[in-house]
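This note's numbering puts the sequence shown at residues 2 to 124. Glycine is no exception: its CB is placed at the ideal position from the N, C-alpha and C atoms. All remarks here apply to the structure that follows.
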Amino acid sequence: MAKVFSRSDRVAEQIQRELADLLQFEVKDPRVSMVTVTEVEVSGDMAHAKIYYTAPQGTPELQKGLEKSAGFLRSQLAKRLLLRTVPQLHFNYDASIDHGMHIAKLIDEVLPPVEPEQDEPSN
């Protein structure tokens, strides 16, 4: 049976693609650099969108820069998407990558280093 995708899921995917492009090429705020949009969740009534992002340096200044550019991003999305109303954008830092790196570091500290296997020369 075919997998059913709701309209809000399709809109969320499109918003994620467009925001990635806008953040990389259109936003001129120096606080907003090297941002990766990891997920977008759109409410059922299409009024609000939660934008989850990650960045090498997740600082409060980056959050402020994203919130400041939300109006510009929303207006650009309105030009690119065929929607009657564009959702309000709410930015949330996605700490899952930081958490995963922390877990990997803890595992590396516990496990002994693995020596690479040496191939024996064949005659």
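To which residues does DSSP link residue i through a beta bridge?
| i | result |
| --- | --- |
| residue 51 | 42, 91 |
| residue 37 | 55 |
Taking residue i as part of the alpha helix (DSSP H), name the residues at either end of that continuous run.
| i | result |
| --- | --- |
| residue 105 | 97-111 |
| residue 31 | Residue 31 -> no alpha helix (DSSP H), and no H or E assigned at all. |
| residue 61 | 61-69 |
| residue 9 | 8-26 |
Taking residue i and residue j to be in contact with their CB atoms under 8 Å, please state how far apart those CB atoms are, rounded to whole angstroms.
| i | j | result |
| --- | --- | --- |
| residue 28 | residue 76 | Contact flag wrong, Cβ pair sits at about 12 Å. |
| residue 87 | residue 43 | Between residue 43 and residue 87 the Cβ distance is about 10 Å, and since that is not below 8 Å, they are no contact. |
With DSSP run on the structure shown, which of helix, strand or coil describes residue i?
| i | result |
| --- | --- |
| residue 83 | coil |
| residue 76 | helix |
Enumerate in chain order the residues of its own chain whose CB-to-CB distance from residue i is below 8 Å, with the five nearest sequence positions on each side excluded.
| i | result |
| --- | --- |
| residue 38 | 17, 20, 21, 24, 52, 53, 54 |
| residue 93 | 51, 52, 53, 54 |
Can you name, in chain order, every residue of its own chain whose Cβ lies under 7 Å from the Cβ of residue i, other than the five neighbours on each side?
| i | result |
| --- | --- |
| residue 35 | 56, 57 |
| residue 100 | none |
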